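Comments concern the structure below.
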Amino acid sequence: MVRYDTVLLTTDGSKGSRETIDHAVSLARDNDATLHVLYVVDRRRYLAADKDTQDDVIQSLEEEGELALDDASVAAEEAGVDVVTEMRDGIPHKTILDYTEEVDADVVTMGTHGRTGRDRVANLGSVTERVVKSSEVPVLVVRID
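Residue numbers (the numbering used here): 1206 to 1350.
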């Protein structure tokens, strides 16, 4: 049987993230593993903003990240799971892959929206897909509707 010591949950704080959190917490609890929760402040979002509004965009993204990390942390603590939260600035898929290696994660848990047809084709560059293609550890993808 495969055992995990370190489970990495990535979250973007989007609506529907709760299901992904629940899967990651269960996986960590069932394996008596530490849950690492990572939120990436996507630098492309604030670099695309006008210089006058960049600070506001960064602050908004960081506040969104704190809420997402708090939500996951509370869920883990309620389940009796050891949890470590981390907010990083960067390009999401690269930052996730780097953090996976840094903490020696055994599995990565991520959400994805259930897109089909044209919607799916338009999102071929999604963060989840890039992580799945490049990760050296298993990636559990939870469909978010």
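Every residue gets a Cβ at the ideal spot worked out from N, C-alpha and C, and that includes glycine. Remember, predicted model here, so these are calculated numbers, not experimental data.
query	result
7 Å CB neighbourhood of Val1346 in its chain, flanking five on each side removed	Met1315, Thr1317, Thr1333, Val1337
Member of Asp1350, Ala1238, Val1344 whose CA lies at the smallest distance from the CA of Leu1302	Val1344
Rounded separation between Glu1341 and Val1212 - CA only	14 Å
Buried/exposed call for Leu1329, threshold 16 Cβ in 10 Å	With a pLDDT of 42 at Leu1329, under the threshold of 50, the modelled position of this residue cannot be trusted; read the value that follows with caution. By the neighbour-count rule (16 or more Cβ atoms within 10 Å), Leu1329 is not buried but exposed.
Rounded straight-line distance, which links the Cα of Glu1224 to that of Glu1291	20 Å
C-beta atoms of Val1313 and Val1230 nearer than 8 Å	no
In chain order, each alpha helix (DSSP H) run of at least 4 residues that lies wholly inside the segment 1250–1328	1259–1283, 1297–1307, 1322–1327
Per-residue DSSP class, three states only, for Arg1348	strand
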